[in-house]
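Okay, so here's the structure we're looking at.
Protein chains: 2
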Amino acid sequence: MARPTLRHLAEELDLSITTVSRGLAGYSDVAAATRVRIRETAARVGYVPNSAGQSLVTGRSGFVGLLLPLRDPPVIDPFLGEFLTGLGEGLVARGRDLFLATAQASQSEMEVLQRVVESGRADGLVLTRVAESDARVEYLLDKGFPFVTHGRTIDENLRHCWVDTDGADAFARAFDILYSDGHRDFALVSIDEPQSFRRFREDGLRRAIAARNDPAVSLQQRRTPRFDQQARTQAIYDLLSNDERPTAVLALTDEIALTVLEQAAELDIAVPDELSVIGFDNLPASAWVTPALTTFDQHIRDTAVGLADQLLDLIDGNASNSALSPSHRLIHPDLIQRASHGPAPRRHKESGGEGNRDFMS
Amino acid sequence: MARPTLRHLAEELDLSITTVSRGLAGYSDVAAATRVRIRETAARVGYVPNSAGQSLVTGRSGFVGLLLPLRDPPVIDPFLGEFLTGLGEGLVARGRDLFLATAQASQSEMEVLQRVVESGRADGLVLTRVAESDARVEYLLDKGFPFVTHGRTIDENLRHCWVDTDGADAFARAFDILYSDGHRDFALVSIDEPQSFRRFREDGLRRAIAARNDPAVSLQQRRTPRFDQQARTQAIYDLLSNDERPTAVLALTDEIALTVLEQAAELDIAVPDELSVIGFDNLPASAWVTPALTTFDQHIRDTAVGLADQLLDLIDGNASNSALSPSHRLIHPDLIQRASHGPAPRRHKESGGEGNRDFMS
DNA sequence: GGTGCGTTCCAAAACGTTTTGGATCCTACC
DNA sequence: GGTAGGATCCAAAACGTTTTGGAACGCACC
Numbered sequence: 001m002a003r004p005t006l007r008h009l010a011e012e013l014d015l016s017i018t019t020v021s022r023g024l025a026g027y028s029d030v031a032a033a034t035r036v037r038i039r040e041t042a043a044r045v046g047y048v049p050n051s052a053g054q055s056l057v058t059g060r061s062g063f064v065g066l067l068l069p070l071r072d073p074p075v076i077d078p079f080l081g082e083f084l085t086g087l088g089e090g091l092v093a094r095g096r097d098l099f100l101a102t103a104q105a106s107q108s109e110m111e112v113l114q115r116v117v118e119s120g121r122a123d124g125l126v127l128t129r130v131a132e133s134d135a136r137v138e139y140l141l142d143k144g145f146p147f148v149t150h151g152r153t154i155d156e157n158l159r160h161c162w163v164d165t166d167g168a169d170a171f172a173r174a175f176d177i178l179y180s181d182g183h184r185d186f187a188l189v190s191i192d193e194p195q196s197f198r199r200f201r202e203d204g205l206r207r208a209i210a211a212r213n214d215p216a217v218s219l220q221q222r223r224t225p226r227f228d229q230q231a232r233t234q235a236i237y238d239l240l241s242n243d244e245r246p247t248a249v250l251a252l253t254d255e256i257a258l259t260v261l262e263q264a265a266e267l268d269i270a271v272p273d274e275l276s277v278i279g280f281d282n283l284p285a286s287a288w289v290t291p292a293l294t295t296f297d298q299h300i301r302d303t304a305v306g307l308a309d310q311l312l313d314l315i316d317g318n319a320s321n322s323a324l325s326p327s328h329r330l331i332h333p334d335l336i337q338r339a340s341h342g343p344a345p346r347r348h349k350e351s352g353g354e355g356n357r358d359f360m361s
Numbered sequence: 362m363a364r365p366t367l368r369h370l371a372e373e374l375d376l377s378i379t380t381v382s383r384g385l386a387g388y389s390d391v392a393a394a395t396r397v398r399i400r401e402t403a404a405r406v407g408y409v410p411n412s413a414g415q416s417l418v419t420g421r422s423g424f425v426g427l428l429l430p431l432r433d434p435p436v437i438d439p440f441l442g443e444f445l446t447g448l449g450e451g452l453v454a455r456g457r458d459l460f461l462a463t464a465q466a467s468q469s470e471m472e473v474l475q476r477v478v479e480s481g482r483a484d485g486l487v488l489t490r491v492a493e494s495d496a497r498v499e500y501l502l503d504k505g506f507p508f509v510t511h512g513r514t515i516d517e518n519l520r521h522c523w524v525d526t527d528g529a530d531a532f533a534r535a536f537d538i539l540y541s542d543g544h545r546d547f548a549l550v551s552i553d554e555p556q557s558f559r560r561f562r563e564d565g566l567r568r569a570i571a572a573r574n575d576p577a578v579s580l581q582q583r584r585t586p587r588f589d590q591q592a593r594t595q596a597i598y599d600l601l602s603n604d605e606r607p608t609a610v611l612a613l614t615d616e617i618a619l620t621v622l623e624q625a626a627e628l629d630i631a632v633p634d635e636l637s638v639i640g641f642d643n644l645p646a647s648a649w650v651t652p653a654l655t656t657f658d659q660h661i662r663d664t665a666v667g668l669a670d671q672l673l674d675l676i677d678g679n680a681s682n683s684a685l686s687p688s689h690r691l692i693h694p695d696l697i698q699r700a701s702h703g704p705a706p707r708r709h710k711e712s713g714g715e716g717n718r719d720f721m722s
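Residue numbers (this note's numbering), protein chains in the order written: chain V, 1 to 361; chain A, 362 to 722.
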């Protein structure tokens with residue numbers, strides 16, 4: 001027999017479809033003995049409810065969707081695997097499955113979004129990599145569709161549920177560590193795109209600098225397009241071969257930090273003796289490289305589990321909960337101290353004094 | 362209005378549900394003018410067919426499933442992101458979505474498999490990381506359910522569709538390169554688990570050695586549990602601090618190769634001058650590490666696209682195609698020549714002669 | 001005028017499930 | 001003996017779609 005249905009069970013048991021259905025669901029409506037009989041036969045023939053039938057009548061698909069952004073240059077998100085594993089873990093614990101909606105390069109992400117929402121293929125959505133202001137968020141809020149985001153938007157942080165990494169705090173901590181180690185000449189190497197994670201990390205650094213209120217502190221900034229490795233390498237090369245080379249570099253991501261290490265090696269700049277580098281992400285490569293990169297771990301997997309929980313609360317509870325008091329969670333990244341940072345080098349000019357750093361503008 | 366249905370459209374257009382449905386599907390039995398009218402209104406109200414209704418009547422869910430193995434120690438598959446991106450790419454091009462079934466640690470993977478197959482949530486399945494003999498494959502063959510696997514099983518390669526990397530060939534090539542560079546003392550560092558990719562790679566190496574038929578060639582082997590990094594490091598340390606240390610190490614995976622590089626550095630063994638190392642996988646870390654690792658690129662993304670194509674052919678075409686002449690594809694990995702391999706070092710004993718290597722057993 | 005055919009439309013059934021609103025029978029109680 | 005109420009079961013409707021098997025109409029042809 002192909003797939004057994006409720007009707008097959010009903011016939012075999014000489015019961016009605018209703019009774020079989022309610023027996024399986026455990027309603028007190030059906031006699032205990034009958035319930036046992038039903039369950040036994042169901043188990044024996046390996047009955048599994050057809051999900052299309054189920055979701056047609058319940059209005060629930062049992063799926064949570066994730067929009068998979070297919071980038072124009074085919075770049076693989078290094079966190080995707082970890083993130084998905086976490087989502088899967090969080091979802092399966094509460095009986096849902098994950099569904100990946102891939103956006104073709106040709107059609108816009110918004111079209112895919114609409115298709116998913118309107119077709120009822122998913123009961124809720126997870127959005128990643130939100131932009132500072134994000135059209136997807138607006139659309140979903142407008143539709144009243146349950147969703148959570150990994151990362152915040154800038155403008156209106158309170159209108160929907162999110163989980164985010166506290167990048168501002170991490171960058172402030174990184175700065176404090178380096179400052180305490182005597183560094184005064186900083187550089188920030190970042191990207192050229194209005195991603196909100198960039199905004200928070202950069203702001204965190206700037207606020208930490210401002211809080212010190214030390215005129216000796218200088219900050220150079222370099223921003224290049226996110227997926228243009230060549231431009232990035234060039235910018236870092238320029239930064240490091242500069243007369244006013246910084247003694248400490250904060251990289252927006254490990255990917256950038258690794259390039260900093262590479263270019264430092266290229267220019268025979270000793271890390272960490274002459275240059276301290278701190279990244280963010282804790283990529284696997286960061287542990288293998290020499291010197292091993294000091295960085296922050298985002299706990300991507302935990303973040304994803306948290307997002308799954310948040311979303312399921314939204315779906316299972318009252319969906320309008322989102323509008324009333326959306327849940328937010330800021331995850332505290334862990335500093336992974338490794339070998340790429342250390343005390344500031346003595347400057348070439350042995351001036352001794354503190355505020356007397358003539359190479360600064 | 363919530364989600365518009367065919368009935369809403371029909372009422373608005375003063376047509377029957379049938380006509381609207383067939384108009385949208387483009388059947389010739391609705392007048393061209395009507396068809397245009399239908400399409401216009403559908404687009405205007407943003408009609409998207411409800412997928413539960415659709416799949417209930419068509420028997421197709423529109424989903425392809427992937428079983429996500431949740432490992433007991435929570436290890437993240439480093440290829441998952443790339444693999445999924447490829448799958449998504451291959452599927453979206455032909456109008457399907459991907460669905461991830463996570464297996465809880467508690468329930469066995471087989472239970473999840475059965476649930477997916479019987480519930481009709483997926484029209485086909487992708488299996489990864491097949492074991493030398495795999496219960497999942499047996500089950501699906503038995504059920505006649507469409508599926509493809511990434512990797513082959515050992516025993517019966519011809520009963521189902523697969524795409525695999527030609528690991529045997531890669532390891533043979535790696536051996537030939539090292540042999541031509543003068544290496545005679547080899548080691549293979551591998552895992553302790555009956556994964557079929559291990560089998561093929563190891564066999565490829567052994568056959569290449571046999572083909573040379575050179576009694577001067579020796580091969581030491583080390584196998585440790587797959588996810589026990591400590592045991593692995595220890596085994597590699599032992600191997601390299603051994604009196605009869607090899608001059609060339611072939612690592613089953615880059616993850617292993619990186620540990621070899623790490624331990625070589627620990628023991629002050631210069632790579633590649635004193636030790637050549639070749640890996641397999643082309644992990645991102647392998648490019649960043651010093652010396653950069655020579656390895657093979659598996660083209661995971663292309664592999665995944667190929668799997669998607671194969672599976673959709675199976676689903677859309679005749680499913681029994683699988684039994685008659687299942688499609689196989691062997692992907693040729695690319696050698697990525699980097700800095701971790703080179704000519705064999707002169708041995709300490711300057712014996713000059715060829716077959717006169719007294720430290721060998 | 002009847003026949004046949006092509007065009008355009010539609011009512012109804014079907015997919016498999018859950019839920020609603022009883023129906024039936026039995027027991028207990030007055 | 002009649003009735004209330006509990007226990008157990010079920011027929012039918014509903015979810016939204018696709019497909020089957022016509023129906024209705026107009027036109028051309030003999």
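Positions of the beta carbon are idealized from the N, C-alpha and C atoms, including for glycine.
- Distance from the Cα of Asn-643 (chain A) is smallest, within the candidate group A:Gln-582, A:Glu-443 and A:Gly-703, for A:Glu-443.
- In the DSSP annotation of this structure, the continuous segment of the beta strand (DSSP E) that includes Ser-579 (chain A) starts and ends at 579–585.
- Rounded to the nearest angstrom, the gap between the Cα atoms of Arg-159 (chain V) and Ser-325 (chain V) is 8 Å.
- Per the Cβ contact rule, the stretch 336–343 of chain V is not in contact with the stretch 300–315 of chain V (fewer than 3 Cβ pairs under 8 Å).
- From the listed residues A:Thr-402, A:Phe-506 and A:Val-397, the smallest Cα separation to Arg-3 (chain V) is found for A:Phe-506.
- In the three-state scheme derived from DSSP, where H, G and I count as helix and E and B as strand, Val-381 (chain A) is classed as helix.
- Listed as beta-bridge partners of Trp-523 (chain A) by DSSP are A:Thr-510 and A:His-689.
- For Gly-204 (chain V), the enclosing alpha helix (DSSP H) stretches over residues 196–212.
- Taking all protein chains shown into account, Asn-574 (chain A) has fewer than 16 neighbouring C-beta atoms within 10 Å of its C-beta and is therefore exposed.
- Among the residues of chain V, those whose CB is under 8 Å from the CB of Ile-437 (chain A) are Gly-81, Glu-82, Thr-85 and Arg-301, following chain order.
- By the neighbour-count criterion, in which 16 or more other beta carbons inside 10 Å mark a residue as buried, Gly-456 (chain A) falls on the exposed side.
- In the structure shown, Ala-168 (chain V) falls within a helical segment according to DSSP collapsed to helix, strand and coil.
- The stretch 182–195 of chain V and the stretch 240–254 of chain V touch, with three or more beta-carbon pairs separated by less than 8 Å.
- Taking 9 Å as the CB threshold, Glu-450 (chain A) lines the interface with chain V.
- For Leu-67 (chain V), the closest C-alpha among the options V:Gln-104, V:Val-45 and V:Thr-41 is that of V:Gln-104.
- Around Ile-278 (chain V), the same chain offers Ala-174, Leu-250, Thr-294 and His-341 as residues with beta carbons nearer than 6 Å, after the five sequence neighbours per side are excluded.
- Rounded to the nearest whole angstrom, the C-alpha separation of Asp-516 (chain A) and Leu-84 (chain V) is 32 Å.
- Non-local beta-carbon contacts of Glu-627 (chain A) in its own chain, meaning distances under 8 Å to residues more than five positions away in sequence, involve Tyr-598 in chain order.
- Closer than 9 Å to the CB of Asn-411 (chain A) there is at least one CB belonging to chain V.
- Listed in chain order, the beta strand (DSSP E) elements of length 3 or more contained wholly in the stretch 378–442 of chain A are 424–429.
- Note that the C-beta distance between Leu-314 (chain V) and Val-148 (chain V) is below 9 Å.
- Under the Cβ criterion of 9 Å, Val-92 (chain V) is counted among the residues facing chain A.
- In this structure the stretch 112–119 of chain V does not touch the stretch 479–499 of chain A; the number of beta carbon pairs closer than 8 Å is below three.
- Taking all protein chains in view, the Cβ of Gln-671 (chain A) is crowded by 16 or more other Cβ atoms within 10 Å, so the residue is classified as buried.
- Taking Gly-46 (chain V) as the centre and dropping the five residues before and after it, the same chain places the C-beta of Pro-4 closer than 8 Å to its C-beta, in chain order.
- Contact note: Asp-97 (chain V) reaches chain A through Phe-460, Leu-461, Ala-462, Thr-463 and Arg-482, using a C-beta cutoff of 8 Å and chain order.
- Counting along the chain, Thr-594 (chain A) sits inside the alpha helix (DSSP H) bounded by residues 590–602.
- DSSP, read as helix, strand or coil, puts Leu-461 (chain A) in strand.
- For Gln-671 (chain A), no Cβ of chain V is located within less than 9 Å of the residue's own Cβ.
- Under DSSP, Ser-637 (chain A) takes part in a beta bridge, and its partners are A:Ala-609.
- Within chain V, not a single residue places a beta-carbon under 9 Å from that of Thr-655 (chain A); the smallest gap is close to 15 Å.
- For Val-289 (chain V), a Cβ of chain A is located within less than 9 Å of the residue's own Cβ.
- Under the three-state reduction of DSSP, Gly-86 (chain V) is assigned to helix.
- Nearest C-alpha to Arg-562 (chain A) among A:Ala-572, A:Arg-690 and A:Phe-532: A:Phe-532.
- Annotation: Ala-101 (chain V) to Ile-552 (chain A) spans about 35 Å, alpha carbon to alpha carbon.
- The beta carbon of Tyr-408 (chain A) sits closer than 9 Å to some beta carbon of chain V.
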